[in-house]
Structures are given as C-alpha cells and as structure tokens.
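Residue numbers (the working numbering): 22 to 313.
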Amino acid sequence: MQVQPLADLLAGFGVPAAGSIASAVVFVVVFALVYVLGKAIVLPIVDRSLKSRDLDAHARRPLKKVVSIGIVFVAISVAFGMAEYGNFLQSLATIAAAATLAIGFAMQDVISNFVAGVFIYTDKPFRIGDWIEWDGNSGVVEDISLRVSRVRTFDNELLTVPNSNLTDGVIKNPVAKEQLRLKFLFGIGYDDDIDKATEIILEEARNHPEIMDDPEPSVRLVELGDSSVGLQSRIWIEDPNRADFVKTRAEYVKTVKERFDAEDINIPYPNRTIGGGLEMTGLDSVVEPADD
C-alpha cells in the first residue's frame, strides 16, 4: 500500500490534510497485517521448536511473550517505513541513546534478574513443583517468571524471590533425581552390643515399605562420642518429595527407637556432674573481732 496514491485519492474527495490521514491509514493497515501474520505464522513455529527441545510449559510461556514483543516491534518498524514516517530504527536509536544512562541505572536490577531468569530456563536447576533450599530458606517452587520466582515455604508462606538470588549462590534441589538418600545418626551406649543394634537398624529399614531394597540400607560406625557410640544409617527412597522424606524418616526412626527399647539398647544423653568444694582464705584480715 502506497501513501501518495491514497493521499491523491483522498485529496480528490476534498479531504483536508489528506497526506497525514493517508500516512496514518497506511501505518494502521500495515501494522495490523504484519502483526496478524506474525502471530499466525511465527508463534506456532516457535512453539513447535520449543516443544522439540523438551522445554516445560512454564518455560515456553515467557519465551513466547518475548517473541510476541518482537513481532510488535517488527510490525511497528515496517509500518513506520511504509507510512513514510522515516526510519523507525534510526529514530528509536536516537531516543535510546539519549535515555541509555538513566534507564541503565534504573533497570540494572531488572536486567540482572531477567538474565538470571533466562539462565534458569536454559540450565533448569529446578522446575515448578520442586523442593529447593537456598541461603537458609526452603520451599516448593510454585511459579517461575523471567524476573522473579515464587516459592511457598513449608509454613505456607509465599516468597517472591528475585531470580538473581537463585543464580548467584548454591541451590540445593533434593528432588532433582529419582532417588534420595537419607542419613540418620543413632547413638547407643558403650556397654551395648554394636552388632545387635546394627541388625535392628537394618531390619527396620528393610521392613519399611517406602525404603528401597536397591540400593540396600547400610549402617556405619562413624563416631565415638563423649557418652555414646554413633551408628549412621543410610537409606534410599524413590520419587522423593519433602512430605515423603519427613514422613518416612519419622516412621523409621520411631520403629528403631521402639526396637531399641524392647531389646534393652540404651540411647544415652549427655550429662554432667559438677563436684568440688569452696575454700575461702584471708578472712582474718577482713573480719576483726569486736572489742567488748
């Protein structure tokens, strides 16, 4: 669509400011055509490409938003040129150069979080539904966007975390793999039978339905403490989440404690005995007898 023929047509009908109106009409029509074609052709191609890379739905959504913004930008650029408003990119570059310093200072944190969000989508250190731990915090990931991630704690509090906080430090994801190993230190008395206690710990692990047989449970003597001998149990659970982890460990430790009680195996606790006397000297120089 050409601006000049449309302007001549409008001028022939006596329309005032025919050139400006013609440019505006061309801009709107071209923008609409490019935008609709882009949404109809480009977005489905991008969506199929992201699916072929095995990206989750929550990861595809913000990336498709970025593509949609790009389509709008291209549509404005093409419409700008067709409407003979000049070079849109050149005008945009002039404006951007004037505002770069102010925008840079104002948006440095936003840009940092945006880049961190891109890394989260590409590296996939965690996904929605994963239980993660970082900087003394822990919870289940409920949403991941390009700027922030939302994590619900186990006290049902919602944390909105800037993505840069989750990429600058160490993130622990206990449920990233299909299996999780749990460890628990049982303390027994020095007079108790280590082999018997070890067998009880292993038996209760084998009897628990949520504890895996392969890899099999194991027990190691790892500590000779002040008041106890430390036997560390190592067990594995399958398809872990935090609820399974807490429930399984609690049930397992409870059954071992009950077996220890039944078999007269003590779980000692630290105690201290304070002894000695109090001696006071030099009282003769401080206290003098009164004169009668």
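Note that the Cβ used here is the ideal one computed from N, Cα and C, for glycine as well.
Name the DSSP beta bridge partners of residue i, please?
{"i": "V169", "result": "P183"}
{"i": "I209", "result": "V250"}
{"i": "N158", "result": "W155"}
{"i": "S239", "result": "R255"}
{"i": "I232", "result": "I258"}
{"i": "K193", "result": "E154"}
{"i": "K198", "result": "K198 pairs with nothing; no bridge assigned."}
{"i": "K204", "result": "R255"}
{"i": "L223", "result": "The partner list for L223 (beta bridge, DSSP) is empty, contrary to what the question assumes."}
{"i": "E178", "result": "None, per the DSSP bridge assignment."}
From this set, the options, which residue's C-alpha is nearest residue i's C-alpha?
{"i": "M233", "options": "D265, A218, V243, L206", "result": "D265"}
{"i": "A226", "options": "G251, G150, S44, I258", "result": "I258"}
{"i": "K275", "options": "P236, K72, F207", "result": "F207"}
{"i": "V162", "options": "G150, N134, D156", "result": "G150"}
{"i": "P169", "options": "D260, I42, F135", "result": "Note on residue identity: the sequence assigns Val, not Pro, to residue 169. V169 has its Cα closest to that of F135, out of D260, I42, F135."}
{"i": "I165", "options": "V47, L84, P261", "result": "L84"}
{"i": "V277", "options": "G160, V240, D189, I66", "result": "V240"}
{"i": "Q200", "options": "A271, I256, K268", "result": "I256"}
{"i": "I141", "options": "G157, I192, A100", "result": "I192"}
{"i": "G157", "options": "L187, I286, K72", "result": "L187"}
{"i": "K217", "options": "P146, V57, A283, V131", "result": "A283"}
{"i": "D285", "options": "G251, P236, L242, D212", "result": "D212"}
{"i": "L167", "options": "S70, T143, S159, G190", "result": "T143"}
{"i": "G102", "options": "S133, V46, D260", "result": "V46"}
{"i": "L1", "options": "A137, V57, G138, D214", "result": "There is simply no residue 1 to check, as the chain begins at 22 and stops at 313 in what is shown."}
{"i": "R280", "options": "D130, G160, R69, N228", "result": "N228"}
{"i": "D189", "options": "S159, G138, D260, I42", "result": "G138"}
{"i": "R69", "options": "R82, G251, V57", "result": "R82"}
Are there any heavy atoms of the ligand HEM lying less than 8 Å away from the beta-carbon of residue i, as far as the coordinates show?
{"i": "E225", "result": "No copy of the ligand HEM occurs in the structure displayed, which carries no ligand at all."}
Measuring CB to CB, does residue i end up less than 9 Å from residue j?
{"i": "P238", "j": "S254", "result": "yes"}
{"i": "V55", "j": "I90", "result": "no"}
{"i": "R270", "j": "L203", "result": "yes"}
{"i": "W152", "j": "P195", "result": "yes"}
{"i": "V63", "j": "V88", "result": "yes"}
{"i": "F205", "j": "Y290", "result": "no"}
{"i": "V262", "j": "I209", "result": "One point to set straight first is that residue 262 is Asn, not Val, in the sequence displayed. Going by C-beta atoms, N262 is not nearer than 9 Å to I209."}
{"i": "A197", "j": "F147", "result": "yes"}
**Message:** I want to know whether the segment 234-247 touches the segment 165-182 - three or more CB-CB distances under 8 Å.
**Reply:** no
**Message:** Would you call the segment 178-194 in contact with the segment 211-223, where contact means no fewer than 3 C-beta pairs closer than 8 Å?
**Reply:** Three or more beta-carbon pairs separated by less than 8 Å are not found between the segment 178-194 and the segment 211-223, which leaves the two stretches without contact.
**Asked** Pairing CB atoms from the segment 91-106 with CB atoms from the segment 44-56, are three or more of them under 8 Å?
**Response** yes
**Prompt:** Which parts of the segment 47-98 are runs of the alpha helix (DSSP H), unbroken and 4 residues or longer, counting only runs that do not cross its ends?
**Reply:** 64-73
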